[in-house]
Amino acid sequence: MPRAPRLLVLVTAALLSACADDSPPPTDAPAPSALVPDPSPLTRMTAEQYQNTVRDLFAPAEVGSVVFPAELEGRGGFQNDVTLNTATPALVESYQRVARQVTDQLRHQFTTMLGCDVMADGCARDALPGFAERAWRRPLAEDELQAMLADFDGWAASSNPEIALTLSLQSLLQSPEFLYFPRFGADAPAEGAPGIPLTSWELAARLSYFLWNSMPDEALFERARDGSLLDRQVLADEAFRMLADGRAVDMVVSFHRQNWDFDDAGSNPIDLDFYAPVFEARGMFAEDDKSDFYYLEYSPQLRFESDVFVSEHVFRGEGKLRTLLTSNRTWTSPLVAEIAYQSSVDENLEPVLWTALIPSEGNDTLQPFAGDYFPLELDPTRRAG
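In the numbering used here, the protein residues as written are 922 to 1306.
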């Protein structure tokens, strides 16, 4: 897909999320040099960003799903409204619980994660500053580094290096520097400038969480470290490089999911008897069978059709908003095609394999979902977009 349409979708997303106003400025509007930028409140990671960040921070070790209290939706259905999602006692407690949960999953993978024996002299201690720099998305000040290493040394002396690393990582994952995105800027603004420029590290984090919903990778960190990211051409090159990564697909889908309330699909209680013919055709007669079939099979397949639709049209199609609003071409599962569209898919065509996380039966954990979605042309007079 050409670069320009793909980037256009992202720019459009940014404008929509900011509730941009296309109306002309009032006649008494100040001159551009006198404009004051909007306030930039201190923003915090969303639950989705936290999940993505711990995945990338501790790779190649694997971290399973984590669950936080439900986020309140702000303007346009978005989950990152800082005026609503304040740090409640329940949230602070959940950060502690999740940090323990993450490190519990990591402990048997420490050797893989570190590339050395965690109990060997110096292995964990030497690796800790690198984890801290990546977790905080900037170099640590000398006093910060020494305080962190002093804590590690104290825990190691009273137990062992594995316990010390576990507690150190829990401390990092609960620190404000990890959970929030502070932006202090570099130098004082030039005379007449609208604001303070970001540092290269702050710019790297802003770019990665905009395009990937996750932390910068090593290549982006290197551009921040040598300062080259402040060059506009380098910044553009990095943006296009990152758009070719699968994490950009996840971010674009996440934006549209929130903007268009995709999660509402299949979430409302329904009359299971309405689907009785379908259930009976599959030998399901008990009430529990009907419920499990609908909520564990049909509903997830229905729900993720919209995500596949966005992904395919944006990254393999025209990448235009018009297409998202008007196309009659979808990708769906054989089951949804039969029930929702009274049609059938050609299973000889190559499907799109879609993977995601869905709530478990008790809604206290997330479990993996995977399904095949086949292309299907629908009647454009009845179904589009």
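C-beta: ideal position from N, C-alpha, C; glycine also.
Rounded to whole angstroms, what is the Cα-Cα separation between residue i and residue j?
i: D1152; j: T1120; result: 12 Å
i: D1064; j: S986; result: 34 Å
i: A980; j: L1217; result: 30 Å
i: P1190; j: K1211; result: 13 Å
i: A1107; j: L963; result: 17 Å
i: S1080; j: L1128; result: 40 Å
i: T1253; j: G1292; result: 9 Å
i: S1188; j: Y971; result: 24 Å
i: V1013; j: M1069; result: 21 Å
i: P1103; j: D1300; result: 50 Å
i: N1249; j: Y1101; result: 41 Å
i: E1139; j: M1163; result: 12 Å
i: P1010; j: V1173; result: 32 Å
i: P1050; j: W1275; result: 37 Å
i: N1269; j: I1260; result: 20 Å
i: P990; j: L1027; result: 23 Å
i: L1287; j: A982; result: 19 Å
i: T1007; j: E1271; result: 45 Å
i: L1015; j: L1066; result: What sits at residue 1015 in the sequence shown is Ser, not Leu. Roughly 26 Å between the two C-alpha positions.
i: L1193; j: Q1179; result: 27 Å
Using 8 Å for Cβ pairs, my map puts residue i next to residue j. What's the rounded Cβ distance?
i: F1295; j: D1228; result: About 15 Å separates the two Cβ atoms, so there is no contact after all.
i: E992; j: S1175; result: No, E992 and S1175 are not in contact; Cβ-Cβ is about 13 Å, not under 8 Å.
i: P1289; j: L1278; result: 6 Å
i: S1096; j: D1072; result: Going by Cβ atoms, the distance from S1096 to D1072 rounds to 12 Å, so no, they are not a contact pair.
i: A1305; j: T1247; result: 5 Å
With a threshold of 7 Å on Cβ separation, who are the neighbours of residue i within its own chain once the five nearest residues in sequence on each side are excluded?
i: D1171; result: N1134
i: L1093; result: F1052, A1053, A1056, F1099
i: L1035; result: C1044, A1045, A1048
i: A1258; result: S1264, S1265, V1266, L1297
i: Q1017; result: Q1095
i: V1039; result: F1031, T1032, A1045, P1082, E1083, L1086
By Cβ distance, which residues of its chain are closer than 6 Å to residue i, with the 5 residues on each side in sequence left out?
i: E1098; result: W1057
i: H1177; result: V1231
i: V1273; result: V1229, W1252, Y1294
i: V1019; result: V987
i: V984; result: V975, R976, V1023, Q1026
Going by beta carbon distance, what residues of the same chain come within less than 8 Å of residue i, once the five residues before and after it are set aside?
i: L1256; result: E1218, Y1219, Q1222
i: R1203; result: F1214
i: I1084; result: W1076, A1077
i: A1125; result: R1058, P1137, L1141, F1142, R1144, A1145, L1150
i: T1244; result: H1234, G1238
i: Y1130; result: Q970, F1102, M1136
i: H1029; result: none
i: L1061; result: P1050, A1053, E1054, M1069
i: Y1262; result: T1253, L1297, L1299, R1304
Could you name each continuous alpha helix (DSSP H) segment of 4 residues or more that falls completely within the stretch 1227-1263, going from the start of the chain to the end?
-> 1242-1247, 1255-1261
Okay, do the stretch 1216-1231 and the stretch 1150-1167 touch, 3+ Cβ pairs below 8 Å being the bar?
-> no
Is it true that the stretch 1023-1037 meets the stretch 969-989, where meeting means three or more beta-carbon pairs spaced less than 8 Å apart?
-> yes
Curious, which full-length alpha helix (DSSP H) runs of at least 4 residues does the stretch 1130-1217 contain?
-> 1139-1147, 1153-1164, 1167-1180, 1197-1202, 1208-1213
Cβ contact (3+ pairs, closer than 8 Å) linking the stretch 1152-1161 and the stretch 1188-1207 | Two segments are said to touch when three or more pairs of C-beta atoms, one from each, lie closer than 8 Å; by this definition the stretch 1152-1161 does not touch the stretch 1188-1207.
Run through the stretch 1008-1060 for me and flag every whole alpha helix (DSSP H) of 4 or more residues, listed as ranges in chain order.
-> 1010-1027, 1031-1035, 1044-1057
Complete runs of the alpha helix (DSSP H) confined to the stretch 1058-1091 [at least 4 residues] = 1063-1079
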